[in-house]
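Novice:
Number of protein chains: 2
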Amino acid sequence: MAMRDFSQDTNALSLNTATLGHNVDGHGAGWTCEQVIDACAERGYGGIVFWQREVTDPVALGLRTRAAGLRVDGLCRTPYLTGRDAGSDDAIKHAIDTAAGLGAPVVTIVTGGTDPGHKGVMESQKRLCDRLAWAVDYAATHDINLALEPLNPMFGGNRTCLFTTADALAICDAINHHRLGVAIDVYHVWWDTTLAASLASAKGRIFGFHLCDWLENTTDMLLDRGMMGDGVADVKGIRRLVENMGYSGPCEVEIFSSRHWWTRPPDEVLDIVKTRFCQVC
Amino acid sequence: MAMRDFSQDTNALSLNTATLGHNVDGHGAGWTCEQVIDACAERGYGGIVFWQREVTDPVALGLRTRAAGLRVDGLCRTPYLTGRDAGSDDAIKHAIDTAAGLGAPVVTIVTGGTDPGHKGVMESQKRLCDRLAWAVDYAATHDINLALEPLNPMFGGNRTCLFTTADALAICDAINHHRLGVAIDVYHVWWDTTLAASLASAKGRIFGFHLCDWLENTTDMLLDRGMMGDGVADVKGIRRLVENMGYSGPCEVEIFSSRHWWTRPPDEVLDIVKTRFCQVC
Numbered sequence: 001m002a003m004r005d006f007s008q009d010t011n012a013l014s015l016n017t018a019t020l021g022h023n024v025d026g027h028g029a030g031w032t033c034e035q036v037i038d039a040c041a042e043r044g045y046g047g048i049v050f051w052q053r054e055v056t057d058p059v060a061l062g063l064r065t066r067a068a069g070l071r072v073d074g075l076c077r078t079p080y081l082t083g084r085d086a087g088s089d090d091a092i093k094h095a096i097d098t099a100a101g102l103g104a105p106v107v108t109i110v111t112g113g114t115d116p117g118h119k120g121v122m123e124s125q126k127r128l129c130d131r132l133a134w135a136v137d138y139a140a141t142h143d144i145n146l147a148l149e150p151l152n153p154m155f156g157g158n159r160t161c162l163f164t165t166a167d168a169l170a171i172c173d174a175i176n177h178h179r180l181g182v183a184i185d186v187y188h189v190w191w192d193t194t195l196a197a198s199l200a201s202a203k204g205r206i207f208g209f210h211l212c213d214w215l216e217n218t219t220d221m222l223l224d225r226g227m228m229g230d231g232v233a234d235v236k237g238i239r240r241l242v243e244n245m246g247y248s249g250p251c252e253v254e255i256f257s258s259r260h261w262w263t264r265p266p267d268e269v270l271d272i273v274k275t276r277f278c279q280v281c
Numbered sequence: 282m283a284m285r286d287f288s289q290d291t292n293a294l295s296l297n298t299a300t301l302g303h304n305v306d307g308h309g310a311g312w313t314c315e316q317v318i319d320a321c322a323e324r325g326y327g328g329i330v331f332w333q334r335e336v337t338d339p340v341a342l343g344l345r346t347r348a349a350g351l352r353v354d355g356l357c358r359t360p361y362l363t364g365r366d367a368g369s370d371d372a373i374k375h376a377i378d379t380a381a382g383l384g385a386p387v388v389t390i391v392t393g394g395t396d397p398g399h400k401g402v403m404e405s406q407k408r409l410c411d412r413l414a415w416a417v418d419y420a421a422t423h424d425i426n427l428a429l430e431p432l433n434p435m436f437g438g439n440r441t442c443l444f445t446t447a448d449a450l451a452i453c454d455a456i457n458h459h460r461l462g463v464a465i466d467v468y469h470v471w472w473d474t475t476l477a478a479s480l481a482s483a484k485g486r487i488f489g490f491h492l493c494d495w496l497e498n499t500t501d502m503l504l505d506r507g508m509m510g511d512g513v514a515d516v517k518g519i520r521r522l523v524e525n526m527g528y529s530g531p532c533e534v535e536i537f538s539s540r541h542w543w544t545r546p547p548d549e550v551l552d553i554v555k556t557r558f559c560q561v562c
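Protein chains in written order, with the numbering used here: chain A, 1 to 281; chain B, 282 to 562.
#1: Where are the alpha helix (DSSP H) runs, 4 residues long or more, that stay fully inside the stretch 465-505 of chain B, in chain order?
#2: Within 8 Å, do at least three Cβ pairs link the stretch 101-109 of chain A to the stretch 74-86 of chain A?
#3: Quick test of your reading: residue 216(A) and residue 232(A), contact by CB under 8 Å. State the CB separation rounded to the nearest angstrom.
#4: Quick one: Cα of residue 548(B) to Cα of residue 425(B), how far?
#5: Answer yes or no: the CB of residue 53(A) versus the heavy atoms of the ligand SAH, is any distance below 7 Å?
#6: Please list, in chain order, the residues of the stretch 514-535 of chain B that have any C-beta partner in chain A closer than 8 Å.
#7: Measure the beta-carbon distance from residue 429(B) to residue 392(B) and round it to whole angstroms, keeping in mind my assumption that it falls under 8 Å.
#8: Spell out a yes or no on whether the stretch 463-478 of chain B and the stretch 492-510 of chain B are touching, meaning 3 or more CB-CB pairs, one atom from each, closer than 8 Å.
#9: Taking 8 Å as the threshold (beta carbon to beta carbon), is residue 163(A) in contact with chain B?
#10: Evaluate contact between the stretch 373-382 of chain B and the stretch 473-490 of chain B, counting only Cβ atoms and requiring at least three cross-stretch pairs below 8 Å.
#11: Under a CB-based cut-off of 8 Å, is residue 119(A) close to chain B?
#12: Might you give, ordered along the chain, the residues of its own chain that have their beta carbon closer than 6 Å to the beta carbon of residue 44(A), omitting 5 neighbours on each side?
#13: Give the range of the beta strand (DSSP E) segment to which residue 145(A) is assigned.
#14: Among 263(A), 277(A) and 274(A), which has the Cα closest to the Cα of residue 21(A)?
#15: Can a CB atom of chain A be found closer than 8 Å to the CB of residue 393(B)?
#16: Got a sec: is the Cβ-Cβ distance from residue 448(B) to anything in chain A below 8 Å?
#17: At a Cβ threshold of 8 Å, is residue 216(A) touching chain B?
#18: Of all Cβ atoms in chain B, is any one closer than 8 Å to the Cβ of residue 190(A)?
#19: What would DSSP say about residue 272(A), mapped onto helix, strand or coil?
#20: For the structure I just gave you, are there three or more beta carbon pairs, one from the stretch 118-126 of chain A and one from the stretch 33-52 of chain A, closer than 8 Å?
#21: Going by CA-CA distance only, name the one from 86(A), 150(A) and 223(A) that's closest to residue 166(A).
#22: For residue 3(A) and chain B, any beta-carbon pair shorter than 8 Å?
#23: At a Cβ cut of 8 Å, what residues of the stretch 429-442 of chain B count as close to chain A, listed as they run along the chain?
#24: Quick check: what's the CA-CA separation for residue 584(B) versus residue 542(B)?
#25: Could you compute how far the alpha carbon of residue 243(A) sits from the alpha carbon of residue 3(A)?
#26: Which two residues bound the contiguous alpha helix (DSSP H) that contains residue 533(B)?
#27: Which word fits residue 82(A), buried or exposed, when buried means at least 16 other C-beta atoms lie within 10 angstroms of its C-beta?
#28: Excluding sequence positions up to five away, which residues of its chain have a Cβ less than 7 Å from the Cβ of residue 455(B)?
#29: Which same chain residues, not among the five before or five after residue 434(B), have their C-beta less than 6 Å away from its C-beta?
#30: Taking DSSP as the reference, what is the three-state secondary structure of residue 409(B)?
#31: Using C-beta distances below 8 Å, list every residue in its chain close to residue 484(B), excluding the 5 sequence neighbours before and after it, in chain order.
#32: Going by CA-CA distance only, name the one from 32(A), 134(A) and 156(A) that's closest to residue 53(A).
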């Protein structure tokens, strides 16, 4: 199957609002969701992914987004399911309710880290499965997909117990529910030499694809992501792998960059994201 | 095969001198190699691994170490073989010569990152193979082993093109030389759910095993390693995997910790390393 041609088509382009730095104190221009929506719509973006923290009235925000001609492509994200900072069942339900209100098809899951009192990964993965079992049922009753996002192994300990696409798909196998899949983020998977092999079993289970880049000299674990084209990831190669498995959904640009992109005017950032999307993704 | 019992036996315990912070300006007590040797010998350590930068007269330092009753367990490390900061052939030979002079059995290789002008990992791995092909021949003529150390994927870009034990063993397969193997470092591999499966083909090819821990809330990519027992890694479980593959060599403690261990008196650090080695490793 040929890859989609994005050189003149930005319908698949989706903005994760964190790219504008809204979510960290002192960063970004402090735009409202409405400003973000209008700026994306003006530029021909196809959709937006909101963060839970910025959504006060999900139904109204979903309507407002669609009225501007955009999709709500997802909600970022549930609270952690494992680790010291795991959220309550109610908080997980609240995230799913929010997505349903927005009319978002999917909620991303960053799992959370190692459960206190345990060493290594396996016990936390077991707890993850326990919590996912009911969460995915709850999501299904709201027609919401859950997308497990494996994170770069540097986020072990306090943020994730899934480190590779294979890890995430193994959890999907264990739960075996059509509402549970994976989100593939270039930042987290670019290094994985087994990615193609892992994705071979992912057909129908890729619920999200996230764009950014890995900077050659990354200086901060969390907030030094690169714009597509500025780093060492084979962004297009990874998209090819994902699309070979039948993925035809949004490409969500998610760049946490406190030292660079979050210091620039949002209008400029949105222009550059669009250009890079067409040129290098 | 039963694991080795370290509860009262520190013969396998080896100090990587970086644990005392010697190698970063302003950190550590500035001990000479001789002071480190004597302090390790007093405590019953079995060996030491030196860094290239601190070795001026390899033969004399090797003799001095053995005269104190210690082994020289290795040399850390060759210059990079790939990436923007790759070292010259001469610099790689110099590292091997130094190891030979010291009487060290092995030189650790941190590969270096992504070659300029390329995206992803594969092209850099090809260059790595090209350079290893002659380097391992050169090492063999000096009776030196080379140990490829896969690094945590956060070191992609500028420090490594090998991210997992499987990555490193694949390079060993490609080169297929009895002088080329791998070094397994808890910090870099603790998260890898495929570690046991990967190590299944590593018999006779594990040339090093490095101890430290992954702190739950790691705050710095490079210099925030934990003391064994303080983090979330299953240190003993990883040692079991390595020993199941026949590894019976030194356990090298290598803790880069600018905010904690490098600020404490070296004598204290050495005492605690020894205690933890016996209690939790």
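All C-beta atoms in this analysis are idealised placements derived from N, C-alpha and C, irrespective of residue type, glycine included.
Please read these numbers as outputs of a predicted model, since none were measured by experiment.
Specialist: According to the structure shown:
#1: Within the stretch 465-505 of chain B, the complete alpha helix (DSSP H) runs of at least 4 residues are 467-470 and 476-480.
#2: Contact between the stretch 74-86 of chain A and the stretch 101-109 of chain A is present, because at least three Cβ pairs lie under 8 Å.
#3: Here residue 216(A) refers to the residue found at position 216 when the first sequence is read from its first residue. Here residue 232(A) refers to the residue found at position 232 when the first sequence is read from its first residue. Indeed they touch by this definition, with Cβ atoms about 5 Å apart.
#4: For the purposes of this step, residue 548(B) is taken as the residue at position 267 of the second sequence. For the purposes of this step, residue 425(B) is taken as the residue at position 144 of the second sequence. If you take the alpha carbons of residue 548(B) and residue 425(B), they lie about 31 Å apart.
#5: Within the structure as shown, the ligand SAH is missing, as the structure has no ligands at all.
#6: Listed in chain order, the positions of the stretch 514-535 of chain B with a beta carbon within less than 8 Å of a beta carbon of chain A are 514, 515, 516 and 518.
#7: Within the second sequence, residue 429(B) is the residue found at index 148, counting from 1. Within the second sequence, residue 392(B) is the residue found at index 111, counting from 1. About 7 Å separates the two Cβ atoms, so the contact holds.
#8: They touch, by the three-pair rule.
#9: Within the first sequence, the letter at position 163 stands for residue 163(A). Interface residue, yes.
#10: With the rule of 3 Cβ pairs closer than 8 Å, the stretch 373-382 of chain B does not count as touching the stretch 473-490 of chain B.
#11: Locating residue 119(A) in the first sequence gives position 119, where the first residue counts as 1. For residue 119(A), the answer is yes, since a Cβ of chain B falls inside 8 Å of its Cβ.
#12: Here residue 44(A) refers to the residue found at position 44 when the first sequence is read from its first residue. Taking C-beta separations shorter than 6 Å and ignoring five residues to either side along the sequence, the partners of residue 44(A) in its chain run 10, following chain order.
#13: If you number the first sequence from 1, residue 145(A) lands on position 145. Per DSSP, residue 145(A) belongs to the beta strand (DSSP E) from 145-148.
#14: By one-based count along the first sequence, residue 21(A) stands at place 21. The residue with the shortest Cα to Cα distance from residue 21(A) is 263(A).
#15: The sequence position of residue 393(B) within the second sequence is 112, counting from 1. Any Cβ of chain A closer than 8 Å to the Cβ of residue 393(B) would place that residue at the interface, and such an atom is absent.
#16: Here residue 448(B) corresponds to residue number 167 of the second sequence, with the count starting at 1. Yes, because at least one Cβ of chain A sits closer than 8 Å to the Cβ of residue 448(B).
#17: Locating residue 216(A) in the first sequence gives position 216, where the first residue counts as 1. Closer than 8 Å: yes.
#18: One-based indexing of the first sequence puts residue 190(A) at position 190. Residue 190(A) counts as touching chain B.
#19: Mapped onto the first sequence, residue 272(A) falls at position 272. The DSSP-derived three-state label of residue 272(A) is helix.
#20: The stretch 118-126 of chain A is not in contact with the stretch 33-52 of chain A.
#21: The residue you call residue 166(A) lines up with position 166 of the first sequence. Taking only the C-alpha atoms, the option nearest residue 166(A) is 150(A).
#22: For this step, residue 3(A) is matched to residue 3 along the first sequence. Residue 3(A) does not count as touching chain B.
#23: For the stretch 429-442 of chain B, the set of residues with a beta-carbon nearer than 8 Å to any beta-carbon of chain A comprises 433, 434, 435, 437, 438 and 439, in chain order.
#24: Residue 584(B) cannot be examined here, being either before or after the span of chain B that is shown, 282 to 562.
#25: Working through the first sequence from its first residue, we reach residue 243(A) at position 243. Working through the first sequence from its first residue, we reach residue 3(A) at position 3. Approximately 7 Å between the Cα atoms of the pair.
#26: Residue mapping note: residue 533(B) aligns to position 252 of the second sequence, counting from 1. Segment 532-534 is the beta strand (DSSP E) holding residue 533(B); no alpha helix (DSSP H) there.
#27: As a first step, residue 82(A) must be located in the first sequence, where it is residue number 82. The residue is buried, with at least 16 neighbouring Cβ atoms inside 10 Å.
#28: Here residue 455(B) corresponds to residue number 174 of the second sequence, with the count starting at 1. Within the same chain, Cβ atoms closer than 7 Å to the Cβ of residue 455(B) are found at 410, the five residues on either side in sequence being excluded.
#29: In the second sequence, the residue the question calls residue 434(B) occupies position 153. Closer than 6 Å at Cβ, skipping near neighbours: 444.
#30: Taking the first residue of the second sequence as 1, we reach residue 409(B) at position 128. Reduced to three states, the DSSP call for residue 409(B) is helix.
#31: On the second sequence, residue 484(B) is found 203 positions in, with the first residue counted as 1. The answer, listed in chain order, is 526 and 527.
#32: Counting from one through the first sequence, the residue named residue 53(A) turns up at place 53. Looking at 32(A), 134(A) and 156(A), the one whose alpha-carbon comes closest to that of residue 53(A) is 32(A).
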